[in-house]
Amino acid sequence: MQYVSTRSGTATSSVPQSFSDILLGGLAPDGGLYLPAHYPQVTAAELNAWRKLSYADLAYEVLKKFATDIPDADLKALTQKTYTAPIYCNAREGDDPREITPLHVIEDMDGRAGTTLILQALSNGPTLAFKDMAMQLLGNLFEYTLAKHNGELNIFGATSGDTGSAAEYAMRGKKGIRVFMLSPHKKMSAFQTAQMFSLQDPNIFNIAVEGVFDDCQDMVKAVSNDLAFKVHQKIGTVNSINWARVVAQVVYYFRGYLSATTSNDQKVSFTVPSGNFGNICAGHIARMMGLPIDKLVAATNENDVLDEFFRTGVYRVRKSAETYHTSSPSMDISKASNFERFIYDLLGRDGERVCALFRKVETHGGFDLSGKPGSDGDEFKKVAQYGFQSGKSTHQDRLNTIRDMQDDFDLMIDTHTADGIKVAREHMVPGVPMIVLETALPAKFNETILEALGRDAERPAGFENIEALPQRFEVMGVDMVKMKAFIAGHTGL
Ligand SMILES: *Cc1c(COP(=O)(O)O)cnc(C)c1O
């Protein structure tokens, strides 16, 4: 399987690459994102055979179609090592942790006959958010690939919460890998801070920057623009555009579909709480592979860039100052970094047009595919063919949905999942089960749970006193000279 850039066919376009070539990287050299040259297909016979598989074996079968340059036995060992209980030990009472992503089925939702809502729990990993499921595999794939040629990788990133902790838990103790993670000093919740800073692994470095998240992000950008330093220090990232992260998420949709159905004649729809469009992009890929998905519904919070596109065909990114800080903070994005992958397919894989449109995002803040006079194209009319729908949710909706789910079904959900359920309810049709991806556990966003329910979220075992654990971190000003010296001092390069 070869990988091409979404900007292929342009003057600066890059040559096709193998899975292992793009594993450790982010953007293609031409500024595009990688996608397979064509989508591998699944047959009805394969789907039938896959119904019996464990999550680990299913992940192996799906990954095998994309990672064709990793020997089968090695890939099998990596997926087994990643997706084995008790790593995923934070399941709700009554759930079998061996299922990895257990389903909660609610028949006749809102009293409407035949409408089934299914919650697929993806948040049972070490940091209680769905990002673990993909990131844990990434940690093992990175270690495996680096070991092959005695390589080293120093991951340098910025986080406001979920991504940083998922990355650190995936990379802790991994040979050849160090993580330098910036976060805004004293701006994360006590729980999220404790999750990251209590890690004592010598290859994890938490740097609390005396500034806001944008300052952290700017420092990461400054390093990635300093090519000499980047190459010499072997700097890499684990941001959400990494292809292996996306492909590991494709497995969620196969697992959800196969667990919710008994025959390939059945269809299901998915609603996905969306921010950078990574998770739902994996759903799009599963659907393109032939998985019988009816609708893919993108749920946003008040930051509704994606909802606006799927309603109007206009993609209009927001300025940082226009981005709302909401109670579902992991969806507070101003532009959706994986969206270019879908646009590439929507435009019939025309890399030159994709390149022009995303240049326009930089210069004019967006593009318009509505087909109206003066627009950049009329492909919005094709969006329905890809199954996409959307909706948005507000703080009040989150509170109401958290209360409803607790009162009616005895299920405590987090704020992001609440956005998903709010939007899913608006798109359910009888006869097609709607699977909502649960993206985090409520314990991570306790403040809003307390506001909605008047009591604290339950914490999984082992997290009871996490704030009291000793913390290991470095406080630093917004100072690039010091930052670079800190990195070099710890890599020894
Ligand atoms: C990252 C995250 C999201 C958004 O996922 P994308 O892949 O960026 O669309 C939603 N919910 C939670 C809890 C997250 O951590």
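For the sequence shown, my numbering assigns the number 220 to the initial residue and increments by one for each residue that follows. Beta carbons: idealized from backbone N, C-alpha and C, even for Gly.
Endpoints, alpha helix (DSSP H) assigned at residue i
i	result
residue 704	699–710
residue 497	497–507
residue 465	462–479
residue 514	Not the alpha helix (DSSP H): residue 514 falls in the beta strand (DSSP E), residues 512–519.
residue 239	238–242
residue 490	Careful: residue 490 lies outside any alpha helix (DSSP H), inside the beta strand (DSSP E) at 487–492.
residue 666	665–672
residue 640	634–644
residue 535	Segment 533–535 is the beta strand (DSSP E) holding residue 535; no alpha helix (DSSP H) there.
residue 450	446–451
Straight-line gap, residue i to residue j (C-alpha atoms, nearest Å)
i	j	result
residue 565	residue 602	7 Å
residue 313	residue 532	43 Å
residue 352	residue 467	8 Å
residue 633	residue 409	17 Å
residue 558	residue 708	37 Å
residue 685	residue 656	26 Å
residue 462	residue 527	26 Å
residue 381	residue 354	11 Å
residue 543	residue 296	43 Å
residue 222	residue 670	47 Å
residue 397	residue 373	5 Å
residue 578	residue 705	35 Å
residue 350	residue 362	18 Å
residue 524	residue 583	15 Å
residue 590	residue 561	18 Å
residue 596	residue 230	22 Å
residue 460	residue 503	15 Å
residue 540	residue 270	47 Å
residue 718	residue 474	Absent from the structure is residue 718, since the part of the chain shown begins at 220 and ends at 712.
residue 276	residue 282	10 Å
residue 243	residue 456	8 Å
residue 447	residue 441	12 Å
Residue i Cβ short of 8 Å to ligand 1 heavy atom set
i	result
residue 511	no
residue 415	no
residue 490	no
residue 542	no
residue 495	yes
residue 498	yes
residue 667	no
residue 552	yes
residue 239	no
residue 382	yes
residue 635	yes
residue 181	In the structure displayed, the chain extends from 220 to 712; residue 181 sits before or after that span and is not available.
residue 555	yes
residue 589	no
residue 408	no
residue 402	no
residue 459	yes
residue 612	no
residue 549	yes
Residue i CB to nearest heavy atom of ligand 3 below 8 Å
i	result
residue 658	Summarising the ligand content, the structure contains ligand 1 and does not contain ligand 3.
Where the beta strand (DSSP E) containing residue i begins and where it ends
i	result
residue 383	Unbroken run through residue 383 is the alpha helix (DSSP H), 381–390; no beta strand (DSSP E).
residue 254	253–255
residue 647	From DSSP, residue 647 is part of no beta strand (DSSP E); its letter is neither H nor E.
Proximity test, Cβ basis, 9 Å: residue i and chain E
i	result
residue 570	Absent from the structure is chain E; it holds one protein chain and no more.
Taking one C-beta from the segment 533–541 and one from the segment 275–294 each time, how about it: are there three or more such pairs within less than 8 Å?
At 8 Å Cβ cutoff, the stretches do not touch.
Only counting runs of 3 or more residues, tell me where the beta strand (DSSP E) segments fall wholly within the segment 263–306, in order along the chain.
Listed in chain order, nothing qualifies, since the segment 263–306 has no complete beta strand (DSSP E) run of 3 or more residues.
Please go through the segment 397–442 and give each complete alpha helix (DSSP H) segment of 4 or more residues, from N-terminal end onward.
As for any alpha helix (DSSP H) of minimum length 4 sitting wholly inside the segment 397–442, the runs are 409–416, ordered along the chain.
Would you be able to state if there are at least three C-beta pairs under 8 Å between the segment 405–425 and the segment 440–456?
Taking a contact to require three or more Cβ pairs closer than 8 Å, the segment 440–456 and the segment 405–425 do not qualify as touching.
Any chance the segment 509–525 sits against the segment 637–650, with 3 or more Cβ pairs inside 8 Å?
Verdict: yes, contact present.
contact_flag[the segment 232–249, the segment 422–430] where n(CB pairs < 8 Å) is 3 or more
Segment contact: the segment 232–249 against the segment 422–430, fewer than three CB-CB distances shorter than 8 Å; contact not assigned.
Please go through the segment 310–393 and give each complete alpha helix (DSSP H) segment of 4 or more residues, from N-terminal end onward.
If only complete runs of 4 or more residues are kept, the segment 310–393 shows the alpha helix (DSSP H) at 350–367 and 381–390, in order along the chain.
With contact counted as at least three CB pairs below 8 Å, one residue from each stretch, are the segment 225–240 and the segment 567–583 in contact?
Enough Cβ pairs lie closer than 8 Å, so yes.
Which runs of the alpha helix (DSSP H) fall wholly inside the segment 549–615 and span at least 4 residues, in chain order?
The alpha helix (DSSP H) runs lying completely inside the segment 549–615 and spanning 4 residues or more are 558–565 and 570–583, given in chain order.
Three or more C-beta pairs below 8 Å linking the segment 492–501 and the segment 549–563:
Yes, the segment 492–501 touches the segment 549–563.
Three CB pairs or more closer than 8 Å across the segment 328–336 and the segment 259–269
The segment 328–336 is not in contact with the segment 259–269.
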